[in-house]
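Engineer: In the working numbering, each number is its position in the sequence shown, counted from 1, plus 582.
Glycine included, each C-beta is placed from N, C-alpha and C at the ideal position.
Next up is a structure, given as structure tokens.
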Amino acid sequence: MPGVLTTHRPVEEGERLPLPKGRLLRYNSPLAQVFLIGLVCFCCPGALTYPLYGASFLYYNHNHIEAFPVIAGTLLGIGAGFLWAAQGAIITSYPPPERRGTYISLFWCLYNLGGVFGGLFPFSFNYNHGSNAASVNDGTYIAFMAFMLVGAALTLLILPPNKIIRDDGSMATNFTFSSVTKEGKEILKLFVNWKMLLVLPAAWTSNFFYTYQFNNVNGVLFTLRTQGFNNIFYWSARMMGSTGIGCFLDFGFASCRKRGITGVLVVFVLGTAIWGGGLANQLRYKDGNWQDLIDFKDGRPFIGPFLLFFSYGLLDAMFQSLVYWIMGALATK
């Protein structure tokens, strides 16, 4: 394959390998591979199990039998687990340490671009239905499935770690494949590593709020077309948040430690303020019911809940990008 260096001997620790000349964007560079995994997650964040999940809802739209969506959802969780484990390894270990935040934000922008399109499709398809649209139509699911299949195919282009060469000629990793038993033991050792134990609370909080934000805020307060409208800006806010925190973590201070501590403080203060606003909003409908659905054309009643949902997306990306950066920094120590 063009641009891929092949070698028939082990690469020594710290060895620099020759780079192909005249290649601004090499296929075997960390930048190209992070870009590629971003495209994969942009189209299909659960590999082949994701198109199956989309198909299950298309099936349910016509047959109203819940077994298929439930089984497809279970398989989606398994497939997504495999993909996101690989994605996390790529964006934390491939980039050069001094540009890790930038690479993480690049991935996050590409991935969240999928969410922007995910909001644009139902918004455009249901726009003329106004507040009367009660369900997502077939065209939405079919469009999603087409994107997902493209993303699943792109996974075939991702290179193994031992073929990735950084711009300075160093290997991204000297990792050699071992047995499943040994890998299992190494994973178990992480549960007694105090640094990784400190990361566990952040890992747990990284995804639990999605159900609340999409179902109890966007799904309860707004009309269907406005939910799609809000999703466009939610995922756009995530792109902005990741870019901001990524650039700061790379260029904020000379000291890596100072950048990390300041990043944690910024996310903490911002998170406290945003979730404080979320609590104030939730107290307006303690029973989880909202009588008059809000449409994006309603003016002032729309602005407050919309800005809250937008801020949720901004904070989420800043938080997750920061956690990825911290894990990458710990791995290089």
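Nearest to glycine 828 by alpha carbon, out of Gly636, Glu765, Val848?
Structural biologist: Nearest C-alpha to glycine 828: Val848.
Engineer: Would glutamine 873 be called buried (16 or more neighbouring beta carbons within 10 Å of its own) or exposed?
Structural biologist: exposed
Engineer: Check the DSSP bridge columns for phenylalanine 804 and list the partner residues they point to.
Structural biologist: Ile876
Engineer: Would you check if the distance between the CB atom of phenylalanine 850 and the CB atom of threonine 844 is smaller than 8 Å?
Structural biologist: no
Engineer: I'd like to check one pair, asparagine 694 with methionine 900: are the Cβ atoms closer than 8 Å?
Structural biologist: no
Engineer: Kindly list the residues whose CB is nearer than 8 Å to the CB of valine 905, restricted to its own chain and excluding five residues on each side of it in sequence; keep chain order.
Structural biologist: Val781, Ala784, Ala785, Ser788
Engineer: Decide if the region 804-815 is in contact with the region 676-687; the criterion is three or more beta carbon pairs, one per stretch, under 8 Å apart.
Structural biologist: Judged by pairs of C-beta atoms under 8 Å, the region 804-815 does not touch the region 676-687, as fewer than three such pairs exist.
Engineer: Taking the alpha helix (DSSP H) that lysine 984 belongs to, which residues open and close that run?
Structural biologist: The chain is shown only over 583 to 915; residue 984 falls outside these bounds and no answer can be derived.
Engineer: Tell me, which residues are paired with isoleucine 747 by DSSP?
Structural biologist: Met753
Engineer: List the whole-angstrom C-beta distance separating isoleucine 660 from threonine 631, where the pair is believed to meet the contact cut-off of C-beta under 8 Å.
Structural biologist: 7 Å
Engineer: Could you check what DSSP says for tyrosine 685 in three-state terms: helix, strand or coil?
Structural biologist: helix
Engineer: Taking only three categories from DSSP, how would you classify glutamate 680?
Structural biologist: In this structure, glutamate 680 counts as helix in the three-state DSSP scheme.
Engineer: From which residue to which residue does the alpha helix (DSSP H) around valine 799 run?
Structural biologist: Taken as a continuous stretch (DSSP letters only), valine 799 belongs to no alpha helix (DSSP H), as it is neither H nor E.
Engineer: What residue does the alpha helix (DSSP H) around tyrosine 867 start on, and which one ends it?
Structural biologist: Here tyrosine 867 belongs to no alpha helix (DSSP H), and DSSP marks it neither H nor E.
Engineer: Going by alpha carbons, who is nearest to serine 824 out of Cys691, Met909, Gly751?
Structural biologist: Cys691
Engineer: Using the three-state DSSP reduction, which class does isoleucine 740 fall into: helix, strand or coil?
Structural biologist: coil
Engineer: Alpha carbon to alpha carbon, how far is asparagine 710 from lysine 745?
Structural biologist: When rounded, the distance between both Cα atoms is 51 Å.
Engineer: My output table needs one value for alanine 819: the three-state DSSP class, helix, strand or coil.
Structural biologist: helix
Engineer: Could you compute how far the alpha carbon of aspartate 749 sits from the alpha carbon of proline 743?
Structural biologist: 15 Å
Engineer: Considering only the alpha carbon of each residue, which of Phe811, Phe884, Lys879, Phe833 lies closest to glutamate 680?
Structural biologist: Phe833
Engineer: Could you give the uninterrupted runs of the alpha helix (DSSP H) lying entirely in the region 838-868, keeping only those of 4 residues or more?
Structural biologist: You should have 838-864.
Engineer: Using beta-carbon positions only, say whether serine 818 and valine 698 come within less than 8 Å of one another.
Structural biologist: Contact flag set, yes.
Engineer: Closer than 7 Å by C-beta to phenylalanine 705: which residues in its own chain qualify, once you throw out the five before and the five after it? Chain order, please.
Structural biologist: Arg807, Gly810, Phe811, Ile814
Engineer: Can the beta-carbon of asparagine 775 be found closer than 8 Å to that of phenylalanine 891?
Structural biologist: no
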